[in-house]
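Working notes for the structure below.
Number of protein chains: 2
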Amino acid sequence: MAKHKIFIPDWIHKAPEPGSYRSVFKYGDPEGFKHPNERLFQELKKTFNLSDEDFRKKETTGIEKVELNIPSKLDKKIIEKINQISGKENTSVTEYDRLKYSTGQTVEEHMKLRRKITEKITDLVVHPRNKMEIQEIVDLCNKNKTPVYVYGGGSSVNFGFYPEKRGITLVLSTHMNKVLEVNEINQTATVEAGILGPAFENALNNAPEKSGCKKRFTCGHFPQSFEYSSIGGWIVTLGSGQQSSYYGDAADLVLSLEVVTPKGTFKTLDYPATATGPKILEVIKGSEGAFGIVVEVTWKIFRYIPENRKYFGFIFHNWESVVNASREISQGEFGMPAVFRISDPEETHHGLKLYGIEGTVFDKIMAFRGYKPEERCLFIGTADGSTSFTKNIKKQVKRICRKHGAMYLTPYPAKKWEPGRYRDPYLKEDLMDYGILIDTLETSVNWDSVHTVHQKVREFIKSRPLTICLTHASHFYPQGTNLYFIYIIKENDIEAYKEFQKGIIQKITESGGSLSHHHGVGRMISPWMEQHLGKQQMEILMALKKHFDPNNIMNPGGLFNT
Amino acid sequence: MAKHKIFIPDWIHKAPEPGSYRSVFKYGDPEGFKHPNERLFQELKKTFNLSDEDFRKKETTGIEKVELNIPSKLDKKIIEKINQISGKENTSVTEYDRLKYSTGQTVEEHMKLRRKITEKITDLVVHPRNKMEIQEIVDLCNKNKTPVYVYGGGSSVNFGFYPEKRGITLVLSTHMNKVLEVNEINQTATVEAGILGPAFENALNNAPEKSGCKKRFTCGHFPQSFEYSSIGGWIVTLGSGQQSSYYGDAADLVLSLEVVTPKGTFKTLDYPATATGPKILEVIKGSEGAFGIVVEVTWKIFRYIPENRKYFGFIFHNWESVVNASREISQGEFGMPAVFRISDPEETHHGLKLYGIEGTVFDKIMAFRGYKPEERCLFIGTADGSTSFTKNIKKQVKRICRKHGAMYLTPYPAKKWEPGRYRDPYLKEDLMDYGILIDTLETSVNWDSVHTVHQKVREFIKSRPLTICLTHASHFYPQGTNLYFIYIIKENDIEAYKEFQKGIIQKITESGGSLSHHHGVGRMISPWMEQHLGKQQMEILMALKKHFDPNNIMNPGGLFNT
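Order-wise, the sequence lines are chains A and B. Position 334 of the first sequence, counted from 1, bears residue number 1296 in our numbering, the numbering being contiguous throughout. Position 489 of the second sequence, counted from 1, bears residue number 1451 in our numbering, the numbering being contiguous throughout.
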């Protein structure tokens, strides 16, 4: 019998042309790709009733050159002054740059740019060199009522820096990315807010060579966007890393910060704890540029001791038992795993493919022992910390998982997951080339509402025909966890997509989840904020807004939707 | 040779007469006492150049009956309305009650009341029965611009509820002390804010019997004032318990709360984490009644497993080595001890007496091994949590302490310390009967400033002749710790005492410590707040104040000193 050659779609494996729409919306590294593997490709065809034929021709690619006709509306005198402040070489009014630094990573933006639809773009891009320049620019903009947006790593998934009222966009990652101090005694690092994850982590891992420290350190914060998000962004959007169950969320990891506001620049107290009134630091955390611009951060750092890391993985009979085990671990008072990730049956189905379990001896044993497809659930994890601590965590986790009927899968699946942990966003471009959208929404829940929220949201998502919905929980606390919904649909209609997304958000909040666990609010979520917080609490935020920014120049249209 | 009978002062060991000044200022249980033991008594005589003779006659006792002439200034109509709201049986305008619920636990107040000096007292005492009544009263007071203070457990050491502008005082502990829910799934307990420590802990320890839970729980928060402080007070003053290094400070332990403000009543979000803008909960924490009144609290609870508790104690050669070991433990990533307490040489000198080490075989071995009096430093601790976790902590702590030259003292000193942990405040009344003042001030520090702050503050305190100064650190973080200064002086002049206290506060902040680690601000510390926070940050707090309380009726003269 002749072997048929397996069809592989012609996934784009080339950096986008400079100046193209694709170069604007492509995530991360222009040379970075993660093509759907054979298993996922087969799954997509099956789900969406597609054949190889449907993957012979791309629907939209965005390879066209950006050609807009949206002149900058900014007063020439203001541009001139900003040129003086930051240097002409550090500003741009080209339409391409203005579009690029107005664009985040929402599916909606990608759909539009693939169709050459551009909406509002900033009027001026500025790459400030230091915090004094930022204060000068904010003062100038405040005087002239010019809106100011901040672009950190550009990975917002909710229009977090969308220039709703046009104005200027400050790009913090270009120059303001320096490590100012690694303080080994206090275990803190002070950095400029525009530094991206890898540079920060690299400086800490190499603290002996770079800062004369005795020890190596880690920042402990590894969101999926790690490579393309800034430390300032982590804080103002209240982000969480993939090891947050041990290290804490961004909100726990910042010790103090310096922020530039229309009311001036200040640095918050940097004591490890202090009982001197409500903490100003807390007011800035999560403020998404609406109060001011975080320019410097002092971050709590940890020992970098990867040799102590333990890996583990388990298969459970069902979602209920993996949730029960996770709760027992989270409330077990023996320390927390770092990576701690449980997948519901549909995600497990894909995870077993992706982490290379399918078809292995594990697969056979699982089947033999009665872990049924479409029911079974995957748990992968790691433990970080001192040797004795990580050893004990692994031991206790194993004990609890076994008690809940799980089978141990060795470190294999967690080790298989780890190297690709930042790569998933690259899938999006390939899928969208063929009209398939992959998008995520996430929420936080208390333990007693995890099943209700999971069921209701999943039910809504699956009520749309031909829809994949993968759910995991990956940030754990004694009081609850998060739920992360990944949905994959075939959809070409932007409005239909938006309606579906709105429906999911509405369902999340109706069923008892928070509006966001770690993605922040942005223009996308802000319409739900008052309903979520209640009028009185919204008014407190508005009072702060009015105090910091009476002229509403700081990221207008973002967090506050005004 | 005839044995001389040892002289023991006639320490008062009788509940104060009802209606006396002493009954107003006496700490805690009217029948509670902790008389100085023989060793401390000898030490006091030595330090202050006193003889037994000086302890034959008391200087001030406050046993006189309270007789004031300070009529309530409150409008009769308002009193009438409040009587209607809360019931006449739950209000009082007697001078005794008004004085009692205006009085905290500062040395200054005690000195004054012993001399029949009374300053401002509240005009009406109200014991509200529920949160709806509080909202009605706050609305009424807001309309009439009547100041409102809150008395929880009454243990403020900084005039936290002093009625600077007179008005009404709400006593929350009388009726609003119920446990509303113990949620075993989420590991939370929801209670009325006036509940005191023992009732709360008792309900949690007995959750199976009282709430039908499967497990027993603990609140994890055990400040020295535990028996006479309320959960609402813990939160609005940002308190810390003696086991905070493991369980966290009050600020870490509250999940959500309900608060009544002149702008209305609201309940904050109760997700374990959420990225929906700056957290309103954080705005209320530490607000010391200046924004509103916390009426209900949802608290994070822990497993109650005292059988797992490990105890340990060590003697170190000096302060530097015990600080180094503490830092290594705090940054060791194997979990934290619960009680974690290190004493400087002067406190160690007293601690060894108090914890029964002096004169034992340990004492001889210590001397033999070269742990010198006036240099050596004591460390006592416990570990809480699951068995394997506490066992490992004890093992790691031992390893680190030995590395830093310490000698293990067995669980003995920690076990000796534990039963008397809430009793020290009772010492104050005996000493003050003879004109000796025992007072405390405390601060938080980063690791790299612990020695500077300790030395400078101690130097200042010791520059006063005949002064005892004991210092310990008892709340640990990877980034730093606190310093708790206990000073004992003989002083009869109120102004001289106040000047000395001001000098210490000034020295703390000058040398780099925070104004308070866990006692809060109150009228006593508030004059330093703007200097400490800076004008811009103070204005942020003022903006919030203005939003919540435009008429400045909520605890005026407290946190904001206005």
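Where a beta carbon is used, it is the ideal one built from N, C-alpha and C, also for glycine.
Along the chain, where does the alpha helix (DSSP H) that runs through residue i open and close?
i: ASN1286(B); result: 1281-1292
i: GLU1196(B); result: According to the sequence shown, residue 1196(B) is Trp rather than Glu. Where TRP1196(B) is concerned, the enclosing alpha helix (DSSP H) stretches over 1193-1198.
i: ALA1329(B); result: 1323-1330
i: ILE1362(B); result: 1349-1365
i: ILE1040(A); result: 1038-1048
i: VAL1259(A); result: From DSSP, VAL1259(A) is part of no alpha helix (DSSP H) but of the beta strand (DSSP E) over 1255-1262.
i: ASN1104(B); result: 1093-1106
i: VAL1245(B); result: 1242-1246
i: LEU1061(A); result: 1057-1062
i: LEU1166(B); result: 1159-1167
i: LEU1215(A); result: 1212-1215
i: TYR1374(B); result: 1374-1379
i: SER1207(A); result: 1206-1209
With which residues is residue i paired in a DSSP beta bridge?
i: LYS1027(A); result: SER982(A)
i: GLY1226(B); result: THR1223(B)
i: TRP1490(A); result: TRP1490(A) pairs with nothing; no bridge assigned.
i: TYR1190(A); result: TYR1190(A) is not bridged to any residue.
i: GLY1343(B); result: PHE1274(B), PHE1302(B)
i: ASN1514(B); result: Bridge partners of ASN1514(B): none, in fact.
i: THR1369(A); result: Reading off the sequence, residue 1369(A) comes out as Met, not Thr. MET1369(A) is bridged to ILE1277(A).
i: ASP1053(A); result: According to the sequence displayed, residue 1053(A) carries Thr and not Asp. Its beta-bridge partners are VAL1088(A).
With DSSP collapsed to three states, give me the class of residue i.
i: CYS1431(A); result: strand
i: LYS1508(A); result: helix
i: THR1402(B); result: strand
i: SER1118(B); result: coil
i: CYS1181(A); result: coil
i: MET1073(B); result: helix
i: ASN1523(B); result: coil
i: ILE1130(A); result: strand
i: SER1173(B); result: helix
i: MET1394(B); result: helix
i: LEU1086(A); result: strand
i: ARG1001(B); result: helix
i: SER1218(B); result: strand
i: ARG1265(A); result: strand
Sorted by chain position, which residues of the same chain lie with C-beta nearer than 7 Å to residue i's C-beta, five sequence neighbours on each side aside?
i: GLY1024(B); result: SER982, TYR983, ARG984, PHE987, LEU1075, ARG1076
i: LYS1326(A); result: none
i: GLY1318(A); result: LYS1378
i: MET963(B); result: Residue placement at MET963(B) cannot be trusted, given a pLDDT of 46 that sits under 50; what the coordinates show is reported in the next sentence. Within the same chain, MET963(B) has no close Cβ partners at all.
i: LYS1525(B); result: The structure shown does not extend to residue 1525(B), since chain B is modelled only from 963 to 1524, so the question has no answer here.
i: LEU1215(B); result: GLY1182, HIS1183, TYR1209, TRP1261, LYS1262
Leaving aside the five residues before and after residue i along the sequence, list all residues of the same chain whose C-beta is less than 8 Å from its C-beta, in chain order.
i: PRO980(A); result: none
i: TYR1370(A); result: PHE1274, GLY1275, PHE1276, LYS1360, CYS1363, ARG1364
i: HIS1494(A); result: THR1471, SER1476, LEU1477
i: HIS1509(B); result: LYS1225
i: PHE1253(A); result: VAL1221, THR1223, VAL1245, ILE1246, LEU1506, LYS1507, PHE1510, ASP1511, MET1516
i: ASN1523(A); result: ARG1485, SER1488, PRO1489, MET1491
i: GLU1320(A); result: ARG1001, LEU1314
Specify, as a first and last residue, the run of the beta strand (DSSP E) that residue i falls within.
i: GLY1313(B); result: GLY1313(B) -> not in any beta strand (DSSP E); alpha helix (DSSP H) instead, spanning 1307-1316.
i: LEU1012(A); result: That residue, LEU1012(A), is in no beta strand (DSSP E); it is neither H nor E in DSSP.
i: GLU1154(B); result: 1150-1154
i: GLU1143(B); result: 1141-1145
i: TYR1113(A); result: 1110-1113
In chain order, what residues of the same chain lie with their CB nearer than 6 Å to the CB of residue i, ignoring the 5 residues before and after it?
i: SER1411(A); result: GLY1474
i: MET1539(B); result: With chain B running from 963 to 1524 in the structure shown, residue 1539(B) is simply not present.
i: THR1152(B); result: LEU1142, GLU1143, THR1260
i: GLY1201(A); result: PRO1185, ALA1212, HIS1480
Practice task
With a floor of 4 residues, list each alpha helix (DSSP H) that falls wholly inside the segment 1408-1476 of chain B, ordered by position along the chain.
Solution key: Counting only runs of 4 or more, we get 1412-1425, 1456-1472.
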